[in-house]
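Just below is one structure, and these are the notes that go with it.
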Amino acid sequence: MTNRIVLAYSGGLDTSVAIGWIAAETGAEVIAVAADVGQGGEDLEVIRRRALDCGAVESVVVDARDEYAEQYCMPALRANALYMDRYPLVSALSRPLIVKHLAAAARTYGADTVSHGCTGKGNDQVRFEVGIAALAPDLKVIAPVRDSGMTRDKAIGFAEERGLPIDVTKKSPYSIDQNLWGRAVETGFLEDIWNAPIEDVYSYTDDPSVQRAPDEIVLTFVDGVPTAVDGRAASVREVIEELNRRAGAQGVGRLDLVEDRLVGIKSREVYEAPAAIALITAHQELENVTMERDLARFKRGVEQRWSELVYDGLWFSPLKRTLDAFVEQSQQHVSGDVRLTLHGGRAVVTGRRSDESLYDFALATYDAEDEFDQSLAKGFVELWGLPSRIAARREQRARG
Ligand code: ARG
C-alpha cells in the first residue's frame, strides 16, 4: 500500500507546490487539510479544489470557526493572554486546532505522516510538530520548506513547470497570518525596525487618527465568556466578529512589536486584533470588580506563564492543561456587564455592573453612608509595618 501523508494546506503557493513536491520526493499520496479559522479571503471550496488540481488524492476543508472561537480564543480570553504583555497570540492559538484536525485526518485516511509548510526560523514549525508529538506520538512529520530545499524560487519554478493552478505573480510583499482572533504581518520593509508601518499593512482596522464619532458598546459576560453585545445574545464567534467590525472601524487593536521567538531570534511583527484587545480590556476590568484580591494577584503570574506556554508551542502540555483548570475555576464569578467606548484606536472601559460584584459602595464611599470603621486601620497599619520597623531598627543599631 502506498504511504499517505496529510498536509496542512492553506491554498497559497508554498503548500500548493508542497503537494506535488512531497509526492515526488516520497512516492506517497497527499491528503490536503485546510481549516477555516475565520481567516476570510478566498472561498474555501476554491481552495479545496485547488489542492486536488495540484495532485492531492483527497482534500478536506473543516469549518472550525466556532470550535476555534469557543475552545481556543475563549481560554485565551479567560487567561487575558498577552505574550510579552501585548501580543494576543493570534497565530499561536490557531496552530493547536489545526494540529488536532491533522491528527484526526491522519487516522481517518490511514496516513503515517503529517506535513506543514513552515520555515525553520519561526515558532509555527515548533507548534505543529510538538502538537503532533503530544496528540499522536506515532506520526512522523516532514517539512519540505525547511528540510528539503523547497525555496520560494524553486516553488515558483515547480508551479510553472507543472502548470499548477496558482498565480505565482500574486506575491504579497508581506507574510500574513490571520484568523478570528487577529492578523499578523511581517517581512518586507517592516524588517527594518525603524520603518513605521504604512496604512497598506492593515486590513482588520481603519486608521485610528481619522476623525469619527466614537462607538459605545456593552459586553455581557457569564463566567468569563461573552454572551451578549448591547443586550443581544450572541454566540462567542458572533461576538468576536461583531467586535472585529466595530472595534476595527475605530482602529482598536493595532500593535507593532519586536518579539522574542522561541528559536532565539528577535523579530518584528505588526498585529491588529480589534476584537481580542477590546474583549481582553473588558474582561480584565470585570475581573477587577468580581475577583478576590489574592486570586487576582496570583492569576497574573498564571496568565503570563500560560501565554508563554502557548506561544512556545506547548498547548497540549501537562502544565498548560493544569493551568487551564486553574483559570477555568477562577472564572466562576466573572459575570456581568462592561461598557466600553471604542475610539481613536483605544477601547476604554467607562462602566461596569455585576450581581457578583465585590465592590461595596458602603465600604468605598467617602460620603455620609460610609460603613468602613476607620479606627480599625490604626492597629492594622501598626502591625503591617512591624517587620519593616524591626528591620530598620537593626540598620540603625549597625550604624551606631
Ligand atoms: N510571530 C507570531 C507568532 O509566532 C506570528 C507568526 C506568523 N506571522 C506571519 N506574519 N506569518 O505567533
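The sequence shown begins at 0 in numbering that gives the first Met the number 0 and counts up one residue at a time. For every residue, glycine included, the Cβ atom is placed at its ideal position computed from N, Cα and C. Note that the coordinates shown come from a computational prediction; the quantities given were computed from them, not determined experimentally.
Its chain contains F315 as the residues whose beta carbon lies nearer than 6 Å to that of A133, once the 5 sequence neighbours on both sides are disregarded; these appear in chain order. Put simply, the backbone Cα of L81 is about 6 Å away from that of S306.
Taking 8 Å as the cut-off, the Cβ atoms of G312 and A275 do not count as close.
If you ignore the 5 residues before and after V309, its C-beta comes within less than 6 Å of the C-beta of L88, A91, all in its own chain and listed in chain order. For F220, the secondary structure class from DSSP, reduced to helix, strand or coil, is strand. For D205, no alpha helix (DSSP H) encloses it, and the DSSP letter there is neither H nor E. As for any beta strand (DSSP E) of minimum length 3 sitting wholly inside the stretch 46-79, the runs are 57-62, ordered along the chain. When the Cα atoms are used, G156 and D166 turn out to be separated by approximately 12 Å. Distances from the CB of A227 to the heavy atoms of the ligand ARG are all 7 Å or more. Take the alpha-carbon of A158 and the one of Q38: they are about 24 Å apart. Boundaries of the alpha helix (DSSP H) around V125: 123-134. When the beta-carbon positions are compared, M83 and D259 come within less than 8 Å of each other. It is roughly 15 Å from the alpha-carbon of E241 to the alpha-carbon of H342. Boundaries of the alpha helix (DSSP H) harbouring A324: 317-329, taken from the DSSP string. Placement of the Cβ of V184 at a distance of less than 7 Å from at least one heavy atom of the ligand ARG is found. N243 sits in a helix when the DSSP states are folded into three classes. Within the same chain, Cβ atoms closer than 8 Å to the Cβ of I21 are found at I4, L6, A27, V29, S114, I141, P143, the five residues on either side in sequence being excluded. Between L285 and S174, the C-beta gap is not smaller than 8 Å, which leaves the two residues out of contact. Straight-line spacing of the CA atoms in L218 and A232 works out to 10 Å.
The shortest C-alpha to C-alpha distance from D146 to any of G116, P172, A246 is the one to G116.
Remark: the shortest separation between the CB of D199 and any heavy atom of the ligand ARG does not fall under 7 Å. Between the ligand ARG and E268, a heavy atom-to-CB distance of less than 7 Å is present. If the five residues before and after K377 are omitted, its C-beta is found closer than 8 Å to no C-beta atom of its own chain.
Buried is the label assigned to N122, since at least 16 other Cβ atoms lie within 10 Å of its Cβ.
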